[in-house]
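Some notes on the structure that comes next.
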Amino acid sequence: MGLIQAIRGMNDILPNEIAWWQRVEQTARMVMEDFGYYEIRTPVLEKLELFARSIGESTDIVEKEMYAFADRKGDLVSLRPEATASIVRALIQHNLHADPLVRKFYAIGPMFRHERPQKGRYRQFHQIDVEAFGVDDPMLDAEVIYMLRLFLERLGLVGVVLHLNSLGCPSCRSSYRILLQSYLADHAETLCPDCERRRHTNPLRVFDCKVERCQSVLGDAPILGDSICEECASHFARVKSYLSQLQTPFLVNPRMVRGLDYYMRTTFEVITDQLGAQNAIGGGGRYNGLVKDLGGPDIPGIGFAIGMERLILLLQQNQQVGTPSPRIFVAALGEASRTRGFLLLQELRKEGLAADMEYEGRSLKSQMRRADKLAAQHVVIIGENELSRGEAQIRDMINKTQNVLSLDRIVPTLLEMCGKDRKSSNG
RNA sequence: GUGGGUGUAGCUCAACGGUUAGAGCACUGGGUUGUGGCCCCAGAGGCUGUGGGUUCGAGUCCCAUCACUCACCCCA
Numbered sequence: 011m012g013l014i015q016a017i018r019g020m021n022d023i024l025p026n027e028i029a030w031w032q033r034v035e036q037t038a039r040m041v042m043e044d045f046g047y048y049e050i051r052t053p054v055l056e057k058l059e060l061f062a063r064s065i066g067e068s069t070d071i072v073e074k075e076m077y078a079f080a081d082r083k084g085d086l087v088s089l090r091p092e093a094t095a096s097i098v099r100a101l102i103q104h105n106l107h108a109d110p111l112v113r114k115f116y117a118i119g120p121m122f123r124h125e126r127p128q129k130g131r132y133r134q135f136h137q138i139d140v141e142a143f144g145v146d147d148p149m150l151d152a153e154v155i156y157m158l159r160l161f162l163e164r165l166g167l168v169g170v171v172l173h174l175n176s177l178g179c180p181s182c183r184s185s186y187r188i189l190l191q192s193y194l195a196d197h198a199e200t201l202c203p204d205c206e207r208r209r210h211t212n213p214l215r216v217f218d219c220k221v222e223r224c225q226s227v228l229g230d231a232p233i234l235g236d237s238i239c240e241e242c243a244s245h246f247a248r249v250k251s252y253l254s255q256l257q258t259p260f261l262v263n264p265r266m267v268r269g270l271d272y273y274m275r276t277t278f279e280v281i282t283d284q285l286g287a288q289n290a291i292g293g294g295g296r297y298n299g300l301v302k303d304l305g306g307p308d309i310p311g312i313g314f315a316i317g318m319e320r321l322i323l324l325l326q327q328n329q330q331v332g333t334p335s336p337r338i339f340v341a342a343l344g345e346a347s348r349t350r351g352f353l354l355l356q357e358l359r360k361e362g363l364a365a366d367m368e369y370e371g372r373s374l375k376s377q378m379r380r381a382d383k384l385a386a387q388h389v390v391i392i393g394e395n396e397l398s399r400g401e402a403q404i405r406d407m408i409n410k411t412q413n414v415l416s417l418d419r420i421v422p423t424l425l426e427m428c429g430k431d432r433k434s435s436n437g
């Protein structure tokens with residue numbers, strides 16, 4: 011089609027799937043707020059520097075995936091590729107850390123990364139994002155992970171595994187890095203070209219490689235967990251202990267490395283095997299140095315993000331959502347009846363009843379068909395005969411029964427019949 | 001950014017290089033003076049993604065381009 015289309019990798023979310031989004035968002039809000047999180051909304055556009063400094067100059071996200079450009083004034087800006095940086099910026103800018111009550115935030119909204127689209131990967135995608143500041147205790151690490159699990163459980167998600175790791179702190183990681191680099195140097199000729207490059211730029215990332223040769227090399231590689239400092243080790247041990255006491259299953263994955271530089275100590279990912287190549291539906295970790303690096307006070311932080319598209323794809327594979335609500339349909343025959351029906355329709359809506367009609371004066375049969383398609387529970391039929399007597403018929407579409415009522419009793423009667431659940435929507 | 005696959009009706013898909021491009025579902029009307037689902041009949045709906053080329057002739061073959069899709073890469 012030569013017509014204007016949506017930009018590549020950016021999708022319309024159409025009415026027939028919006029119920030999924032609403033359910034996920036509502037569930038998220040309920041769970042997060044029970045845990046003491048407050049919603050925050052930050053701009054989708056930020057100064058480029060914010061992302062470069064927080065995520066890391068040499069990460070893939072910053073190097074090649076950002077929607078970055080110069081605005082009309084010449085300032086370098088970018089659509090946000092993730093939410094943490096913006097929330098930290100807002101925290102610092104508004105001194106939110108000074109308020110002991112408001113240090114836990116959640117945000118829901120679109121993110122942008124210029125990658126080649128694929129199943130579960132889009133250029134505009136949506137995240138539910140959670141950040142908690144000011145607490146270094148592993149109790150919070152465990153609680154954050156527990157909340158993530160509870161959220162997914164409440165949605166009825168099955169078949170996902172929580173991977174857990176500790177990346178250590180900057181000091182123990184740098185000593186490990188040297189260890190790993192020398193090991194990789196010894197096996198340099200076996201590595202794939204990508205890993206040969208990564209060996210210098212970001213050796214930890216070699217663990218993510220899916221090439222078999224590389225994985226076999228890594229079998230004997232030094233493990234980060236063996237060389238983290240005592241403090242980090244004990245932090246990690248306590249996280250695991252709390253999780254066990256919370257009966258939250260996890261899989262320690264010493265090879266899990268995450269793609270953003272600011273993570274340290276606890277990191278985690280929720281993995282599925284049902285989405286093809288894009289197997290992470292959520293992930294996060296601790297980032298104690300980040301607030302300070304961005305010019306704020308030296309306070310710790312931890313958070314995670316959930317990919318809504320991926321989550322919903324998974325839910326759709328295993329569940330169904332109903333279409334909303336009780337509906338009343340007004341069927342009218344003849345010009346005067348149509349006018350009366352139109353006025354009645356608006357009265358019903360004013361009373362909070364979901365109702366609709368056929369506006370184009372089709373045959374009664376056609377109108378009944380439409381009512382059936384809409385799954386209307388009741389149809390109000392106003393023909394010329396009824397109108398002349400000041401009456402209408404109410405047909406119960408489920409029981410196939412029908413009776414005559416005077417027009418002025420229609421609204422109260424329908425209110426009584428569907429009043430109880432008129433605001434329910436079975437999601 | 002690199003590779004593979006696919007673009008035909010609103011949707012799912014047919015059509016050996018050869019008349020006027022078909023089917024199912026969905027839609028509209030009728031079968032029933034004014035009553036839904038099932039059934040039957042009829043109708044409407046297409047610049048075959050776009051632009052070039054080969055050919056007497058292209059939905060079909062070639063090139064380009066755009067989009068979708070899967071994978072690499074990376075991540076949510």
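With our numbering, letter number 400 in the first sequence gets 410, and the count goes up by one each step, no holes. Ideal Cβ placement from N, Cα and C applies to all residues, glycine included. The model shown is predicted, which means the values in this text are computed figures rather than measured ones.
Practice prompt. Put Phe45 into one of helix, strand or coil per three-state DSSP.
Written response: Stepping through the first sequence from its first residue, residue 45 is reached at position 35. Coil at Phe45, not helix or strand.
Discussion item. Between which residues of its own chain and Gln134 is the CB-CB distance below 6 Å, once the five residues before and five after are set aside?
Written reply: As a first step, residue 134 must be located in the first sequence, where it is residue number 124. Closer than 6 Å at Cβ, skipping near neighbours: Met20, Pro120, Phe122.
Worksheet item: How should Glu240 be labelled, buried or exposed, when 16 other C-beta atoms within 10 angstroms of its C-beta is the threshold for buried?
Response: The count along the first sequence starts at 1 and reaches residue 240 at position 230. With fewer than 16 other Cβ atoms within 10 Å, it is exposed.
Worksheet entry | Bridge-paired residues (DSSP) for Ile392 | Your numbering for residue 392 matches position 382 in the first sequence. Ala342, per the DSSP bridge assignment.
Worksheet item: To the nearest angstrom, how far is it from the Cα of His107 to the Cα of Cys242?
Response: Position 97 of the first sequence, counted from the first residue, corresponds to residue 107. Position 232 of the first sequence, counted from the first residue, corresponds to residue 242. Distance between the alpha carbons of His107 and Cys242: 25 Å.
Worksheet item: Sorted by chain position, which residues of the same chain lie with C-beta nearer than 8 Å to Glu401's C-beta, five sequence neighbours on each side aside?
Response: The sequence position of residue 401 within the first sequence is 391, counting from 1. Hits under 8 Å: Val414, Leu415, Ser416, Leu417.
Discussion item. Considering only the alpha carbon of each residue, which of Pro310, Ala198, Ile392, Ala381 lies closest to Lys410?
Written reply: Locating residue 410 in the first sequence gives position 400, counting from the first residue. Selected option, being the one with the closest Cα: Ala381.
Item to complete: Note down the Cα distance separating Leu111 from Asn105, rounded to an integer number of angstroms.
Response: Position 101 of the first sequence, counted from the start, is the residue given in the question as residue 111. Position 95 of the first sequence, counted from the start, is the residue given in the question as residue 105. Their Cα atoms are separated by approximately 13 Å.
Item to complete: Decide if Met11 is buried, meaning its Cβ has at least 16 other Cβ atoms within 10 Å, or exposed.
Response: Looking up residue 11 in the first sequence gives position 1. Annotation note: pLDDT 40 at Met11 (below 50); position unreliable, no value reported.
Discussion item. Using a Cβ-Cβ cutoff of less than 8 Å, which residues in the same chain neighbour Ala16 once the five nearest sequence positions on both sides are dropped?
Written reply: Translated into the one-based positions of the first sequence, residue 16 becomes position 6. The residues are Asp22.
Fill in: Three-state secondary structure assigned by DSSP to Thr282
Along the first sequence, one-based indexing puts residue 282 at 272. If DSSP states are grouped into helix, strand and coil, Thr282 belongs with the strands.
Discussion item. Which residue marks the beginning of the beta strand (DSSP E) containing Lys57, and which one marks its end?
Written reply: As a position in the first sequence, residue 57 is number 47, starting the count at 1. Lys57 -> beta strand (DSSP E) spans 55 to 57.
Fill in: Proximity to Glu10 [Cα-Cα], best of Glu370, Asn328, Lys360, Ile50
Nothing about residue 10 can be read from this structure; the chain reaches only from 11 to 437.
Item to complete: Could you tell me the distance, in whole angstroms, from the CA atom of Ile14 to the CA atom of Pro25?
Response: In the first sequence, counting from the first residue as 1, residue 14 sits at position 4. In the first sequence, counting from the first residue as 1, residue 25 sits at position 15. If I take the Cα positions, the gap works out to 21 Å.
Fill in: For Ile138, the residue or residues it bridges with in DSSP
For the purposes of this step, residue 138 is taken as the residue at position 128 of the first sequence. Per DSSP, Ile118, Ile316.
Worksheet item: Exposed or buried, what is Gly286 when buried is set at 16 or more other beta-carbons lying within 10 Å of its beta-carbon?
Response: As a first step, residue 286 is located in the first sequence; it is residue number 276 there, counting from the start. Exposed, because fewer than 16 other Cβ atoms sit within 10 Å of the Cβ of Gly286.
Discussion item. Report the CB separation of Gln191 from Arg209 in whole angstroms; it is logged as a contact under 8 Å.
Written reply: For the purposes of this step, residue 191 is taken as residue 181 along the first sequence, with counting starting at 1. For the purposes of this step, residue 209 is taken as residue 199 along the first sequence, with counting starting at 1. Contact holds; Cβ gap of about 7 Å.
Worksheet item: Pick from Val170, Lys302, Val154: whose alpha carbon is nearest that of Arg46?
Response: The residue you call residue 46 lines up with position 36 of the first sequence. Looking at the sequence provided, one finds Gly at residue 46 rather than Arg. Considering only alpha carbons, the answer is Val154.
Item to complete: Give the straight-line distance between the Cα atoms of Glu396 and Ala364, rounded to the nearest whole angstrom.
Response: Counting from 1 along the first sequence, the entry for residue 396 is found at position 386. Counting from 1 along the first sequence, the entry for residue 364 is found at position 354. Cα to Cα, the separation comes out at about 23 Å.
Worksheet item: In terms of DSSP beta bridges, what is Arg380 paired with?
Response: The sequence position of residue 380 within the first sequence is 370, counting from 1. Bridge partners of Arg380: none, in fact.
Worksheet entry | Unbroken stretches of the alpha helix (DSSP H), 4 residues or longer, contained in the stretch 142 to 173 | 148 to 164
Worksheet entry | Element boundaries [beta strand (DSSP E), containing Leu415] | By 1-based counting over the first sequence, the position of residue 415 is 405. Start and end: 411 to 416.
Item to complete: Consult DSSP for Ala198 and reduce its assignment to one of helix, strand or coil.
Response: Counting from 1 along the first sequence, the entry for residue 198 is found at position 188. Reduced to three states, the DSSP call for Ala198 is helix.
Worksheet item: Do you know how far the Cα of Gln387 is from the Cα of Leu425?
Response: Taking the first sequence and counting its residues from 1, the one referred to as residue 425 is at position 415. Taking the first sequence and counting its residues from 1, the one referred to as residue 387 is at position 377. Straight-line Cα distance between these residues: approximately 13 Å.
Worksheet entry | Residues near Tyr156 by beta carbon distance below 6 Å, same chain, minus five either side | Position 146 of the first sequence, counting from 1, holds the residue named residue 156. Leu256, Thr258, listed in sequence order.
Discussion item. Just to confirm the assignment: which complete beta strand (DSSP E) runs, minimum length 3, are found wholly within the stretch 182 to 247?
Written reply: none
Discussion item. In the DSSP assignment, the beta strand (DSSP E) including Met367 goes from what residue to what residue?
Written reply: Position 357 of the first sequence, counting from 1, holds the residue named residue 367. 365 to 367 is the span of the beta strand (DSSP E), which, as asked, contains Met367.
Worksheet item: Should the stretch 215 to 231 be called in touch with the stretch 186 to 205, which here means at least 3 C-beta pairs below 8 Å?
Response: yes
Worksheet item: Can we say the stretch 169 to 178 touches the stretch 273 to 284, given the rule of at least three CB pairs closer than 8 Å?
Response: yes
Worksheet item: What first and last residue would you give for the beta strand (DSSP E) that runs through Asp406?
Response: One-based indexing of the first sequence puts residue 406 at position 396. It spans 401 to 406 - the beta strand (DSSP E) in which Asp406 sits, taken as one unbroken run.
Worksheet entry | Val87 - containing beta strand (DSSP E), residue span | Position 77 of the first sequence, counted from the start, is the residue given in the question as residue 87. Element bounds for Val87: 86 to 89.
Worksheet item: Cα separation between Tyr186 and Pro264?
Response: As a first step, residue 186 is located in the first sequence; it is residue number 176 there, counting from the start. As a first step, residue 264 is located in the first sequence; it is residue number 254 there, counting from the start. For Tyr186 and Pro264, the distance between alpha carbons rounds to 13 Å.
Worksheet item: Of the choices Gly235, Val280, Pro310, Gly305, whose alpha-carbon is the least far from that of Ile291?
Response: The residue labelled residue 291 in the question sits at position 281 within the first sequence. Nearest of Gly235, Val280, Pro310, Gly305 to Ile291, Cα basis: Val280.
Fill in: Arg18 versus Ala385, Thr52, Arg126, Arg159, residue with shortest Cα-Cα distance
Position 8 of the first sequence, counted from the first residue, corresponds to residue 18. Residue Arg126 is the option with its Cα nearest to Arg18.
Item to complete: Confirm, please, whether the CB-CB distance from Ile71 to Glu56 is below 9 Å.
Response: Indexing the first sequence from 1 puts residue 56 at position 46. Indexing the first sequence from 1 puts residue 71 at position 61. Taking 9 Å as the Cβ cut-off, Glu56 and Ile71 do not qualify as a contacting pair.
Item to complete: Below 7 Å CB to CB, which residues in the same chain sit around Tyr252 once its five sequence neighbours on both sides are set aside?
Response: Here residue 252 refers to the residue found at position 242 of the first sequence. Counting only Cβ-Cβ distances below 7 Å, and skipping sequence neighbours, we find Pro148, Met149, Ala152.
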